[in-house]
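Protein chains in written order, with our numbering: chain A, 1143 to 1378; chain B, 80 to 503.
Here the structure is laid out as structure tokens; the discussion comes afterwards.
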Amino acid sequence: MDEPLIHTRALTRRYSVGKAVVIALFEVELTVGRGEFMALVGPSGSGKSTLLNLIGGLDRPTEGEICIDGLSLGKASEAELVRYRRERVGFIFQSFNLLPTCNAVENVESPMMLAEVPRPERRQRAMNLLDSVGLAQRILHKPNEVSGGEKQRVAIARALANRPLLLLADEPTGNLDSKTGAAVLDLLCSLHKAQGLTMIMVTHDLEVAARADRIIHLRDGSIQDIETTRKVEAPA
Amino acid sequence: MTIRDQVRTALSNVGRRKLRSALASLGVVVGALTIVIMVSLASGVRRQINRQFEAIGLDRITVTSSGGRRGGFGPGGYNPFAPAPKKKLITAEDVNRWKKLPGVTKVIPEVNLPGSVGLDLKWNGTNQSVRLSGGDFRPGMTFQEPQKPIAGSLELAGAGGIVLSQGAAEAAGYSSNDFARVIGRPVETILRSPRGETQSFVLQVRGISQERSAGIQVSVADRIAMKNWWFNSTNVLEREGYDSVTIRAADVSHANTVSIQLRAEGFQVQSLEMFVAVANRIVTAITVMFTLIGSIALLVATIGIANTMVMAIYERTREIGILKAMGASRREIRQMFMMEAGFIGLIGGVFGLLLGWLLGLGLNQVIQVYMKYKEMPLRGNFFVVTLSLAVGVILFATFTGLVAGLLPAQRAAKLDPLEALRHE
């Protein structure tokens, strides 16, 4: 395997809550290869979401370094971070976070609008993406007109809009019933396989985590254990 | 994000809360409406003033011999017995000299007969008392249009001609059908002194004027002759000079130069451009005042817009977080909200302009009807929306919106994406 996609060194994130200082993440050393599917598990407050947000460029480390595809996110300028979020990362949230006033296709188009993709191309790609997540019949529906599973599919299509390197999912099945959750998870796994995306998923469902190549167990802001579920060398 | 997409997004965001956007822009509507009405009234009134002055002739100046009347304001206040100031005569040489001044197109000297002269018109077997009005034309300070002849011409070049009023001709037994026939025919005018002496002047009819009262007009040469008879003299002009001279210049700026020069020479000069300037200055002052009131209304409207934007940002905090997570920059978020605020201002400005314009049109009609009813010789519009006013109001309203959006948009741009995403 060549140079890893994500590399962290002594990654630490502290928050000050009033006078108290909370250490959300402490000296995390982590390497994620390209095309890898990794699950972050741990009890709430273990720092898994903090780690995901740091990887997603939504937050900056207090200390240490996080380097993704050659870009050091801690040292990057605001503009570089904006471009990084726009072009290399796709985010999937537990609560979907769709734009409530936009319909499905507009939601999928929105990251491409930010990336200044021309309108006809944008529309075409959004339709294709919605088709690939099985929502070809739902393109003009607004978020409040579709089910939870469909919302998450729209969100997945949106996350893929700008052809990111990295797909970050924060409890993507957390708000879904087990059947719908399983379907969404199947979709994510098949996308990961088909497109060779690197995928990091936060979950506390070990059954869900078991689908990943590796499982990182976090506790109190530190990596407790790294569990390899199958041969990591496998991708040829 | 391209500008086009930003505009589209901002418009759809304004459109999705129609009532709130409308209420926010209502303040702008009121402000813009006030400005439009005030400024259009001012420019309409200014046009009216200029038109009225133009009808009289802005290019004309009237020179009168200075002083000549007993009584006046002195160092001790008004003194009715103060000696008459020394007269500065307007001589025939002056008139000839003025004719050669650059930019002067016409010099019309005037001689007035004393008020006690009685004047009879013997015409067509009738005898009527008539009034002698000024020669060729008089640039009085009245809001009267220049007269037009009913028959013949009103020009009185050279001695021996007379223009009679319609009233005088009718009193002499002529109907309007006869007017053309009497042109070129002689009439006798008789001057009467209070002591009963009379002198007859036979003059040739040159034209019939529109005037209803019985009156005649004779040339300045004939008036000098009449005045000579009155004072039993042969050189009234040399002794008293012309009473007034009307100078017609090629344009207003030449009229201005000439009046400055003649004033420096000690003549009393009346020119209309001063009146126009003063009138315009007053109108401008009033306009500025009312525009300020309108502007205050607009400024108050910014508070409404700012409040709307703050509320919108509060409601859409999560949306801002989503956009940021997807890679929207601070600048894009700021511009998006600035544009929304700008659009609210723009919409208010457009509606304010439209309402102000319509209100002006309505008021113009009302004023026209009233003027007709009152038989006032004022025509034309009192509310005039010029292109620069329209453009200016819309720009100002948009600018107001942008200013109102500045701080809220800055706040939105600064939101931390994670906190924004956690917002419920």
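Beta carbons are placed, not taken as given, at the ideal position from N, Cα and C, and that holds for glycine.
For I262 (chain B), there is no enclosing beta strand (DSSP E), as DSSP marks it with neither H nor E.
According to DSSP, residue pairing for V324 (chain B) in a beta bridge involves B:V142 and B:P188.
Between G484 (chain B) and M388 (chain B) the beta-carbon gap is near 5 Å, inside 8 Å, which marks them as a contact. The alpha-carbon of I1210 (chain A) is positioned some 8 Å away from that of I1197 (chain A). At least one CB atom of chain A sits nearer than 8 Å to the CB of I401 (chain B). When C-beta atoms of the segment 1348-1366 of chain A are compared with those of the segment 1178-1193 of chain A, three or more pairs fall below 8 Å, so the two segments count as touching. In summary, L474 (chain B) is exposed, with fewer than 16 beta-carbon neighbours lying within 10 Å of its beta-carbon over all protein chains present. Within 8 Å of the CB of F1233 (chain A), the CB atoms of chain B belong to A404 and M405, in sequence order along the chain. Only buried fits Y1226 (chain A), as 16 or more other CB atoms lie within 10 angstroms of its CB. At least one CB of chain A lies nearer than 8 Å to the CB of D84 (chain B).
Within chain B, no residue has its CB atom less than 9 Å from the CB of A1218 (chain A), the nearest being about 13 Å off. For R99 (chain B), the nearest beta carbon of chain A is not closer than 8 Å to its own beta carbon. Here DSSP, grouped into helix, strand and coil, assigns M1341 (chain A) to strand. In the structure shown, I392 (chain B) falls within a helical segment according to DSSP collapsed to helix, strand and coil.
Across the set A:K1161, A:E1178, A:G1177 and A:K1284, the C-alpha of A:K1284 shows the shortest separation from the C-alpha of C1244 (chain A). For P228 (chain B), the three-state secondary structure derived from DSSP is strand. Proximity of E1222 (chain A) to chain B, defined by a Cβ-Cβ separation below 8 Å, is not satisfied. Listed in chain order, the beta strand (DSSP E) runs fully inside the segment 280-337 of chain B are 294-297 and 323-328, counting runs of at least 3 residues. The distance from the Cβ of I295 (chain B) to that of T268 (chain B) is about 7 Å, consistent with a contact at the 8 Å cut-off.
For F346 (chain B), there is no enclosing alpha helix (DSSP H), as DSSP marks it with neither H nor E. Straight through space, the alpha carbons of E1369 (chain A) and N1317 (chain A) are spaced by roughly 26 Å. For the C-beta of T1243 (chain A), the chain B residues within less than 7 Å are, from N- to C-terminus, R95. Relative to R87 (chain B), the option among B:M455, B:D301 and B:M418 whose CA is nearest is B:M418. Residue burial annotation: P1306 (chain A) is buried, with at least 16 other C-beta atoms found within 10 angstroms of its C-beta.
Straight through space, the alpha carbons of A89 (chain B) and H1359 (chain A) are spaced by roughly 44 Å. For K201 (chain B), the pairing in a beta bridge is given by DSSP as B:N206 and B:E267. Contacts with chain B at 8 Å (Cβ-Cβ) include L1256 (chain A). According to the DSSP assignment, Y1157 (chain A) belongs to no alpha helix (DSSP H) but to the beta strand (DSSP E) extending over I1148 to V1159.
Of the candidates B:L112, B:K97, B:T141 and B:V118, B:V118 places its Cα closest to the Cα of S467 (chain B). Look at the segment 1188-1214 of chain A: the residues with a C-beta under 8 Å from a C-beta of chain B are N1195, G1198, L1200 and D1201. Assigned with DSSP and collapsed to three states, F1179 (chain A) falls in strand.
With respect to the 8 Å criterion, I1281 (chain A) and V1247 (chain A) are classified as neighbours on the basis of their beta carbons.
In summary, F310 (chain B) is exposed, with fewer than 16 beta-carbon neighbours lying within 10 Å of its beta-carbon over all protein chains present. In the structure shown, the three-state DSSP call for L235 (chain B) is coil. At a cut-off of 8 Å between C-beta atoms, S1186 (chain A) does not count as an interface residue with respect to chain B. The beta carbons of L497 (chain B) and D1201 (chain A) sit closer together than 8 Å.
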